[in-house]
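Presented below is the structure to which this report refers.
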Amino acid sequence: MIPMALSLPRTRATHMQGQALTMDETAFRHLYQRTARPLRAYLIRSCGDLALADDLLQETYLRMLRSSFEGENDDHRKYYLYRIATNLLRDHFRRRRLESDVVPERDESPGHDEAVHLRSDVGGAMAELALHDRQMLWLAYVEGASHQEIARALGLRAASIRSMLFRARQRLAKQLQARGLRPEVEVS
Amino acid sequence: MNSRAKLCRFEEAVVAAARSGEWSPELKTHRDGCLSCAELTLVVAALAADAEELAAMDAPPPDPAPIWLRARLATRERDYHRATRTIVWVQRAAIAVALAIGIAFAPGLWQLVSGAFSGLDLSISAPNLPRAAGSPLLVLVVSLVVLGLLAVFELTVAQED
């Protein structure tokens, strides 16, 4: 299966503001049912805190509804949600950095949920990586995002994603190997 | 270290195979002999298993109903602010005009009011009014009480609406 490209919306926030909800409740529930769990998984692995992930999840859907973004299809809407979630995560860590005046290479806040990170070897390994690395790896290898869309979601240069992803992958592989998993061992 | 040099041309095919679990014999042979692709396989398979585990977590995601409700409330609030924006601007303009007029005519008004009060004798009844009307002071107090009660009534009704 070739990873499909993310078709993120081209609409501007200012253009979207001030419109009525374009989605009815049934359509919203359908979208939520289809996307909430994988999106929450992305948020949990990115921030390592179940309660925070649930808060950000709700805020993500709320922003999508308030933006009145319609999207061309379910995939379009799904990736729009990932983009909002990524921006919310970035804002959250930026605020925390301003409050604590410490750059959070890893989430070590009091609300940090060890149980979530250590739920599996993979969670523990991911917890050792920087936020950008976690997001990049998840978008690329779980959600199948293209380099261009990862760059757009993370606010990075598309040209640098390939090498950054390669290095993030090496770091995660190293962490996984430290936990007893080897390249020749297939997980799942 | 030049990481670009280590990128493998089979990368996309390996990612697809690791995610689907469908390996062609050639690709499997390549993966077993390529350190980069072996690492990639480990990472992709590990993340896929982790994503599956997280998606199947016992704790369900938050109920979508409050999210929908909050979005609707926010939309209504936005519509309300948009609808009343013109009225608010008109009110502000009216207050500004009234203030300007008040400031312009303040000296004349003060003279008028002070002249009216200085000629008022509140201690006696008005000779030309009927006896039942009472003193001007009583009329003033009763009027203020009635107006006050009306204002309280209006405020109560407005709050209930």
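Protein sequences appear in the order of chains A and B. -18 is the number of the first residue of the first sequence in this note's numbering; add one for each residue after it. 2 is the number of the first residue of the second sequence in this note's numbering; add one for each residue after it. Virtual Cβ for every residue (Gly too), placed ideally from N, Cα, C.
Using only alpha-carbon positions, find the residue among A/T7, A/L12, A/R26 that is nearest to A/L62.
A/L12
Check whether the Cβ of B/R93 lies closer than 7 Å to any Cβ atom in chain A.
no
Using a Cβ-Cβ cutoff of less than 7 Å, which residues in the same chain neighbour B/L110 once the five nearest sequence positions on both sides are dropped?
none
Given that B/R71 touches chain A, what residues does it touch there, using C-beta distances under 7 Å?
L43
Once the 5 residues before and after A/I65 are set aside, which same chain residues still bring their CB inside 7 Å of it?
T41, R44, M45
For B/W90, does the count of other Cβ atoms within 10 angstroms reach 16, so buried, or fall short, so exposed?
exposed
Since A/E150 meets chain B, which of its residues come closer than 8 Å, beta carbon to beta carbon?
As written in the sequence, residue 150 of chain A is Arg, which differs from the Glu given in the question. Simply E40, L41, V44.
Does any residue of chain A have a CB that is nearer than 7 Å to the CB of B/D51?
yes
Just to confirm, are B/A47 and A/L157 a CB contact at a threshold of 7 Å?
yes
Please specify which runs of the alpha helix (DSSP H), each continuous and at least 4 residues long, are wholly inside the segment 96 to 155 of chain A, giving them in chain order.
102 to 108, 112 to 122, 128 to 135
Neighbour list for B/R56 in chain A, Cβ cutoff strictly below 7 Å
For the sequence presented, residue 56 of chain B should be read as Ala rather than Arg. Ordered by position in chain A, the residues that pass the 7 Å Cβ test against B/A56 are R18, P19, A22.
Give the list of continuous beta strand (DSSP E) stretches no shorter than 3 residues that lie fully inside the segment 39 to 77 of chain B.
none
Whole angstroms is fine: what's the gap from B/A14's alpha carbon to A/E109's?
28 Å
Taking the CB atoms as reference points, tell me whether A/L79 and A/L37 lie closer together than 7 Å.
no
In this structure, does DSSP put B/R32 in helix, strand or coil?
helix
Using three-state DSSP, classify A/H93 as helix, strand or coil.
Any reading at A/H93 is ruled out, since the residue's pLDDT is 43, under 50, leaving its predicted position unreliable.
Look up A/D35 in the DSSP assignment and say whether it is helix, strand or coil.
helix
Any C-beta of chain B under 7 Å from that of A/Y60
no
Quick one: Cα of B/P65 to Cα of A/L120, how far?
24 Å
By DSSP, does B/S25 sit in helix, in strand, or in coil?
coil
Could you round the C-beta distance between A/A22 and B/L55 to whole angstroms and report it? I think they count as a contact, below 8 Å.
4 Å
Does B/I104 have its Cβ less than 7 Å from a Cβ in chain A?
no
Output, in chain order, the set of chain A residues within a Cβ distance shorter than 7 Å of B/P26.
Result: empty, since nearest Cβ-Cβ is about 16 Å, beyond 7 Å.
Work out the CA separation of B/H31 and A/R58 for me, nearest whole Å.
37 Å
Is A/Q151 closer than 7 Å to A/A139 when the C-beta atoms are compared?
no
Using the C-alpha atoms, what's the distance from B/C9 back to B/C38?
7 Å
Buried or exposed: A/A132, going by 16 or more other Cβ atoms within 10 Å of its Cβ?
buried
Rounding to the nearest angstrom, what Cα-Cα distance links B/A72 and B/H82 in this structure?
15 Å
May I ask which residues mark the beginning and end of the alpha helix (DSSP H) holding A/C28?
6 to 28
Going along chain B in order, which residues have a C-beta closer than 8 Å to the C-beta of A/D35?
P62, P63
Does the beta-carbon distance from A/V123 to B/A52 come in below 7 Å?
yes
Helix, strand or coil: which one does DSSP assign to A/S177?
Not covered by the structure: residue 177 of chain A. The range shown for chain A is -18 to 169.
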